[in-house]
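Chains as they are written, first to last, in the working numbering: chain A, 464 to 780; chain B, 464 to 780.
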């Protein structure tokens with residue numbers, strides 16, 4: 464039986480909400496939109512090459528060693544000893560940089576996933592985690608998986624250890640919806656990290672841990688009220704909120720419109736709410752967008768259930 | 464139909480393991496033995512009186528306002544406006560003070576539970592939580608429910624908020640066993656708290672939160688390896704371990720004997736291990752007791768599954 468080798472693979476890598484209020488650096492979830500598209504195709508020219516990047520306003524480097532998708536793909540090829548394989552990547556950015564939606568993680572996951580698929584899947588999906596984390600680290604300098612893991616694996620992901628890349632899936636309650644609103648300003652992850660305190664009071668750390676535990680118990684039990692009570696960020700939000708214009712107004716609007724809880728997505732400026740049901744989620748999106756519009760600040764809403772699939776193939780030949 | 468009023472209730476309130484390595488102040492679990500017995504009986508003399516305390520070497524106060532069981536029972540009676548009700552308490556301490564096994568929490572829970580039962584259960588079980596926490600706070604000056612909640616409710620309990628007393632049950636994997644070993648020294652909770660740092664590095668807080676998340680996911684999924692990897696305490700153990708002679712040797716012995724993980728029970732000096740299955744749990748108990756015996760230090764082992772019931776009635780009439 465002959466095995467037809469793939470020539471080209473096009474994948475979709477979704478945006479992700481990291482931190483999820485109380486899970487600083489240890490929790491993330493995938494949403495349906497936006498997301499990046501990455502194409503990997505075989506080439507007669509040896510080595511990895513980035514043939515095109517679109518949607519980035521010319522800001523992303525084309526050198527594979529400096530590009531998140533390139534670094535992730537190269538890490539995979541090197542592990543296989545196939546770095547001289549002829550592979551072309553195209554990266555189509557469909558979400559803004561510095562948005563707090565895991566843009567660089569999505570490209571890194573897309574690069575590793577597309578190349579792995581093109582080569583006949585030498586690695587299982589979860590085995591791509593270190594390559595994608597390495598790719599993202601090339602962009603933001605930090606080694607953490609709270610965007611990469613949910614983008615790669617789908618759903619809601621706990622990262623027990625960012626060092627060991629030890630991750631665990633968390634169940635998705637059937638009526639859980641996510642509202643994300645991206646106000647049109649840029650916050651660099653590096654800057655948003657520098658604003659954080661180096662130490663936290665023991666009592667604050669304890670309360671944050673209690674909330675993360677409450678959120679996990681609430682997600683396991685589909686207890687929406689417990690989920691809501693747990694969505695409090697005592698560590699990053701108090702410092703980062705000031706980088707986001709109208710944050711308090713947006714928060715009040717979300718909670719008044721019925722959000723279970725509301726906080727910053729990743730390093731911001733995007734904000735997110737978890738909601739029970741689609742109707743609440745859409746009402747919250749409107750209310751939050753209106754709060755930003757009042758400043759005025761342009762803002763783009765995204766409303767979906769948690770994305771259970773993560774990165775996936777759009778087409779291949 | 465006549466309702467026969469109870470004259471006397473005798474209850475058993477179990478020992479508890481608080482913190483459970485990575486859940487400082489937010490996680491606790493109940494074990495089968497040891498535990499305190501508390502008797503509540505109607506009396507013709509108005510008001511709450513502590514008729515007897517045994518097993519305490521004469522150290523516990525008999526004034527209800529200064530006794531953990533008394534404070535808990537009084538708080539309940541006052542909430543009902545029945546503080547002039549004639550009630551007698553007997554407290555039979557069956558576990559050592561300052562052992563890290565939730566001794567004062569057990570007496571407080573026993574006092575509130577026995578009196579509530581005697582009065583025909585005006586409060587549901589979970590409604591006794593604030594009274595019991597108030598009772599324990601009378602002993603150690605801190606307001607936290609990580610011993611009281613599992614003693615009252617049984618099983619493994621997450622405390623989302625010690626302020627709001629917001630608690631959630633955590634599932635008990637069917638093959639999970641607990642080994643507790645109590646070395647015969649005393650550590651006062653107050654002293655063990657003062658040794659802790661007031662601030663923790665952000666990275667440490669994050670790793671601790673990841674471990675707590677991993678432990679909860681492991682317990683929900685009966686993933687014993689994930690439970691084991693998560694049982695690491697980066698906050699209290701590094702400071703408190705030095706208060707426990709031969710702690711490192713005991714830890715090495717436990718892990719070599721097959722423990723999933725090992726740490727300090729509450730504020731110590733008791734240590735605990737979680738194990739998969741009874742055989743492993745008994746082997747670990749022997750190995751840890753031998754490590755203490757080698758110093759030499761007398762140590763008492765307790766081996767059981769997690770106690771799913773919590774406080775319960777032994778007899779009543």
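Every residue, glycine too, gets a C-beta built ideally from N, C-alpha and C.
- Item | Residue range of the unbroken alpha helix (DSSP H) whose run includes residue 742/B | Taken as a continuous stretch (DSSP letters only), the alpha helix (DSSP H) holding residue 742/B covers 741-756.
- Can you find a CB in chain A that lies within less than 7 Å of the CB of residue 620/B? Not closer than 7 Å to any Cβ of chain A, the Cβ of residue 620/B fails to qualify, so no.
- Message: Three or more C-beta pairs under 8 Å: does that hold for the region 614-627 of chain A against the region 671-681 of chain B?
- Response: Touching, yes.
- For residue 640/B, count neighbouring Cβ atoms within 10 angstroms of its own Cβ and tell me buried if that reaches 16, exposed if not. Answer is buried; the Cβ neighbour count reaches 16.
- Item | Alpha-carbon to alpha-carbon, residue 759/A and residue 749/A | Their backbone Cα atoms lie some 15 Å apart in a straight line.
- Query: Leaving out five residues before and five after residue 601/A in sequence, what residues of the same chain have Cβ atoms less than 6 Å from its Cβ?
  - Reply: These residues qualify, in order along the chain: 531 and 534.
- Closer than 9 Å by beta-carbon distance: list the chain A residues that pair up with residue 692/B, in chain order. For residue 692/B, the neighbours in chain A by C-beta distance under 9 Å run, in chain order, 623, 624, 627 and 629.
- Item | Option in 671/A, 703/A, 778/A and 701/A with minimal Cα separation from residue 692/A | Closest in alpha carbon position to residue 692/A, among 671/A, 703/A, 778/A and 701/A, is 671/A.
- Distance, Cα to Cα, residue 777/B vs residue 576/B? Going by the C-alpha atoms only, they are around 12 Å apart.
- Message: If we require 3 or more residues per run, which beta strand (DSSP E) segments fall completely within the region 510-591 of chain B?
- Response: If you keep only unbroken beta strand (DSSP E) runs of at least 3 residues inside the region 510-591 of chain B, you get 511-517 and 550-555.
- Anything in chain B within Cβ reach of residue 679/A, meaning under 7 Å, just list it in chain order. Identification of chain B residues near residue 679/A by a Cβ-Cβ cut-off of 7 Å yields 676, 679 and 680, ordered along the chain.
- Unbroken alpha helix (DSSP H) run spanning residue 719/A, endpoints: Element bounds for residue 719/A: 710-719.
- What does a CB cutoff of less than 7 Å around residue 784/B pick up in its chain, not counting 5 residues either side in sequence? Here chain B covers residues 464 to 780 and nothing more, so residue 784/B does not appear.
- Anticipated Cβ contact below 8 Å, residue 550/B with residue 523/B, distance rounded: The beta-carbon separation of residue 550/B and residue 523/B, rounded to 18 Å, does not stay under the 8 Å limit for a contact.
- Please work out which residues of its chain come closer than 6 Å, Cβ to Cβ, to residue 648/B, disregarding the five sequence neighbours upstream and downstream, and give them in chain order. Taken in chain order, the residues that qualify are 732.
- Query: Using 8 Å as the threshold, is the region 709-721 of chain A in touch with the region 697-714 of chain B, meaning 3 or more CB pairs across them?
  - Reply: Counting Cβ pairs under 8 Å, fewer than three are found: no touch.
- Three-state class that DSSP yields for residue 485/A in the structure shown: It is coil, neither helix nor strand.
- Message: Any C-beta of chain B within less than 7 Å: which residues of the region 641-664 of chain A qualify?
- Response: Those residues of the region 641-664 of chain A placed with their C-beta closer than 7 Å to a C-beta in chain B are 659, 660, 661, 662, 663 and 664, ordered along the chain.
- Message: Let me make sure I understand the geometry here. Which of 571/B, 539/B and 631/B has the alpha-carbon closest to that of residue 586/B?
- Response: Here the closest residue by C-alpha is 539/B.
- Message: Which residue wins for smallest C-alpha separation from residue 765/B, given the options 483/B, 503/B, 491/B and 646/B?
- Response: Of 483/B, 503/B, 491/B and 646/B, the residue nearest in Cα terms is 646/B.
- Nearest-angstrom Cβ-Cβ length linking residue 735/A and residue 669/B, presumed shorter than 8 Å: 20 Å between Cβ atoms; not a contact.
- Give the residues from the region 482-496 of chain A that approach chain B closer than 9 Å (Cβ to any Cβ), ordered along the chain. Along the region 482-496 of chain A, going in chain order, the ones with a CB nearer than 9 Å to a CB of chain B are 485, 486, 487, 488, 489 and 490.
- Task: Give the range of the alpha helix (DSSP H) segment to which residue 619/B is assigned.
- Result: Unbroken run through residue 619/B is the beta strand (DSSP E), 619-624; no alpha helix (DSSP H).
- Message: Quick check: what's the CA-CA separation for residue 473/A versus residue 494/A?
- Response: Rounded to whole angstroms, residue 473/A to residue 494/A spans 19 Å at the Cα level.
- Task: Report the option in 543/B, 556/B, 580/B and 559/B whose CA atom is closest to the CA atom of residue 505/B.
- Result: Closest by alpha carbon: 580/B.
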